[in-house]
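Have a look at the structure below before the remarks.
Protein chains in written order, with my numbering: chain A, 279 to 337; chain B, 611 to 832; chain C, 304 to 515; chain D, 9 to 252.
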């Protein structure tokens with residue numbers, strides 16, 4: 279059992295780990311940006327949460 | 611044509627969005643496959659021998675259980691009434707719904723099959739052979755299943771009855787699906803014959819399923 | 304809808320579950336007219352509307368739609384010329400308000416419709432700000448308004464309304480009234496099953512079932 | 009108590025915004041150092057170079073179980089203490105835990121291939137991790153199915169706790185099932201005896217991946233709080249329109 283014969287499996291294992299965790303990281307990042315964008319759009323449309331701006335709230 | 615495309619897109623969207631349940635069918639498939647070794651033991655040669663059969667049974671149950679809500683959801687919210695109020699034949703509407711359903715449940719099952727096959731010691735090309743037979747056979751499961759879905763909608767009884775009604779209809783699909791898989795993996799039979807029959811079953815179901823389902827819906831209206 | 308249409312029922316019979324709900328029903332309705340279908344619960348108001356919509360089998364008798372450009376076109380059923388507003392709203396909670404409406408206008412509409420009709424219809428029922436909102440967030444009254452938008456977005460001569468004012472607040476009932484008057488003015492027909500009075504001038508009443 | 013201070017979602021958000029960059033930086037540094045250590049680690053006399061897979065496989069297995077532990081504590085927070093952030097913490101732990109479980113499974117499978125000659129063997133340890141993975145997927149599916157967050161939180165909490173109680177039973181049953189069918193001749197992955205030279209890189213990698221776990225968990229929690237804000241905005245928008 280030498281390194282040469284199994285190096286591909288070791289690289290594949292680390293690559294797979296990086297890929298799985300990388301996908302999770304990318305999902306988190308894109309999700310965060312999309313959510314921030316949606317919230318900003320609400321801000322532009324003038325919809326606000328009462329707890330943020332009690333005075334301005336029309337309700 | 612535009613109307614049919616709109617219906618197709620609507621069903622695909624509903625299935626893909628949160629709570630749509632497209633991924634749950636794949637999960638169910640995985641769990642059925644996983645249960646096998648706990649029942650028969652982790653005996654690799656045995657698992658390899660029964661692997662294609664278990665994959666087929668898992669895919670069969672997963673695609674049937676997912677059919678339960680296909681027409682019932684439209685009945686419950688009144689959409690089914692409106693779907694019938696156009697010049698478009700109900701058969702086409704049902705066929706398009708079936709296609710969208712196959713795309714969101716049947717196709718993922720076939721795609722997942724080579725991966726899940728590894729758990730049953732069916733690896734490499736054998737796994738892809740099973741996936742190929744599932745690709746050819748799952749449309750038949752969906753479209754024969756449509757008949758049961760339409761009947762249970764009008765009878766207003768859910769899930770279990772659907773399976774009881776439809777499973778007998780799917781036996782030929784199972785026979786030729788597993789036969790084609792085994793032929794591809796081990797021989798000695800020819801792969802082409804059962805596979806061609808499997809494709810033929812899918813084509814037949816594509817004709818019979820929507821017609822019978824639409825007929826059941828029309829006669830069931832009260 | 305410039306050509307005058309008329310819908311006639313001759314000796315209609317409705318049977319459900321072996322029980323005769325009504326029989327010998329006659330009425331005629333022409334363009335620009337409205338008919339209020341009244342009667343006690345179980346008299347068959349909803350059944351009559353569903354029968355006209357083609358959702359319920361006609362046991363005996365005839366329903367004829369004549370006039371306009373329909374005479375040569377026997378293939379067309381009355382259901383294709385009618386809007387049915389039942390108790391259910393036919394909305395998918397996971398789709399947005401505009402997606403729901405656009406689907407129904409693509410499915411039920413005959414002519415090529417642009418996105419404009421749907422936007423305008425949302426405006427007509429007061430939901431123009433909620434286009435992107437998933438229908439799951441709507442209140443019962445707003446869902447009802449969205450169903451009404453369907454009738455506005457897709458032109459069809461016959462409106463079959465089953466208890467149209469249920470779940471609607473006073474403002475929405477006014478909106479509904481305005482929409483119904485506009486529809487009649489354009490030569491449409493309305494059949495409404497209702498308990499309450501509908502404030503439309505010249506509406507006729509069709510009382511079905513035994514007198515209460 | 010710090011936990012009470014951060015019960016307010018707005019405060020928690022600013023806390024997450026402050027802490028996350030540091031946490032991510034530390035995790036990246038620790039991972040770089042850990043991988044460097046792994047590169048220099050000696051081969052195992054029995055398993056050769058493939059033992060290097062252990063340095064990511066075993067920490068991933070630990071974090072897979074740790075993730076369920078986090079979810080269980082959060083579930084108690086939801087059901088017993090009704091802590092406002094417990095729902096969010098429980099929901100956020102599920103995808104992170106599932107990702108580490110999947111990492112453990114895939115690396116185990118790639119380790120098993122040269123050892124056993126096949127990608128998957130129903131080894132007792134791997135099988136238990138696999139069942140854990142299925143349970144994670146079940147919890148995620150439940151979260152996705154129920155629309156209303158607090159109702160989903162309670163349902164998921166009950167499922168999580170039922171899973172936590174069942175996990176030892178499952179582990180015991182799988183061990184029993186496995187020994188019943190095959191004598192313990194198969195080489196086990198990540199067995200209990202570890203050479204000291206291998207222990208140091210293993211612990212460093214475990215520490216680094218744990219930091220990554222915390223960073224991801226915090227980031228997903230932050231997303232979840234934002235998602236709930238979007239939901240609140242939607243509801244407010246619907247309320248502001250006529251006919252509500």
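All residues carry an ideal CB built from backbone N, CA and C; glycine is no exception.
Residues of the segment 329–355 of chain C with a C-beta less than 7 Å from any C-beta of chain B: none at all.
A Cβ-Cβ contact shorter than 9 Å links residue 674 of chain B with residue 777 of chain B. Using a CB distance cut-off of 9 Å, residue 119 of chain D does not count as an interface residue toward chain B. For residue 249 of chain D, the chain C residues whose C-beta falls within less than 8 Å of its own C-beta are 429, 430, 432, 433 and 445, listed in chain order. Nearest C-alpha to residue 145 of chain D among B:624, B:633, B:611 and B:622: B:633. In summary, residue 47 of chain D is exposed, with fewer than 16 beta-carbon neighbours lying within 10 Å of its beta-carbon over all protein chains present. In the three-state scheme derived from DSSP, where H, G and I count as helix and E and B as strand, residue 370 of chain C is classed as strand.
Within the segment 308–320 of chain A, those residues whose Cβ lies closer than 8 Å to any Cβ of chain D are, in chain order, 309, 310, 313, 314, 316, 317 and 320.
Look at the segment 723–744 of chain B: the residues with a C-beta under 9 Å from a C-beta of chain D are 728, 729, 730, 731 and 733. According to the DSSP secondary-structure assignment, residue 675 of chain B is paired through a beta bridge with no residue. Within the segment 468–502 of chain C, 472, 474 and 475 place their CB atoms closer than 7 Å to a CB of chain D, listed in sequence order. Residue environment for residue 89 of chain D: exposed (fewer than 16 other C-beta atoms within 10 angstroms of its C-beta). When Cβ-Cβ separations below 9 Å define contact, residue 302 of chain A makes contact with chain D. For secondary structure counted as the alpha helix (DSSP H) over 4 or more consecutive residues, the segment 380–430 of chain C holds these complete runs in sequence order: 400–411 and 418–427.
Residue 24 of chain D sits close to residue 230 of chain D, with the two beta carbons spaced by under 9 Å. Residue-level contact check: residue 366 of chain C does not touch chain B, since none of the beta carbons of chain B fall below 9 Å from its beta carbon. The alpha-carbon of residue 370 of chain C is positioned some 17 Å away from that of residue 462 of chain C. For residue 652 of chain B and residue 63 of chain D, the gap between their C-alpha atoms comes out near 27 Å.
Between residue 754 of chain B and the set B:698, B:800 and B:709, the nearest pair of CA atoms involves B:709. Non-local beta-carbon contacts of residue 101 of chain D in its own chain, meaning distances under 7 Å to residues more than five positions away in sequence, involve 75, 78, 79, 82 and 225 in chain order.
Legend: CB atoms of the segment 677–708 of chain B lying less than 9 Å from CB atoms of chain C belong to residues 683, 684, 686, 687, 688, 689, 690, 691, 692, 693, 694, 695, 696, 697, 698 and 703.
Residue 765 of chain B is classed as exposed because its beta carbon has fewer than 16 other beta carbons within 10 Å across all chains shown. Taking a cut-off of 8 Å on C-beta distances, the segment 106–118 of chain D touches the segment 289–307 of chain A, as three or more cross pairs fall below it. Taking 8 Å as the Cβ-Cβ cut-off, the segment 221–249 of chain D approaches chain A at 224, 227, 228, 230, 231, 234, 235, 237, 238, 240, 241, 244, 245, 247 and 248, given in chain order. Taking CB atoms only, residue 765 of chain B has no neighbour in chain C less than 9 Å away.
Along the segment 145–159 of chain D, the positions whose C-beta sits under 7 Å from a C-beta of chain C are 155, read in chain order. Counting C-beta pairs with one atom in each stretch, the segment 689–699 of chain B and the segment 728–743 of chain B have fewer than three that are closer than 8 Å, which means they do not touch. Minimum Cα-Cα distance from residue 184 of chain D among the listed residues D:22, D:130, D:32 and D:16 corresponds to D:130. Within chain A, no C-beta atom comes less than 8 Å from the C-beta of residue 71 of chain D; the nearest is roughly 11 Å away.
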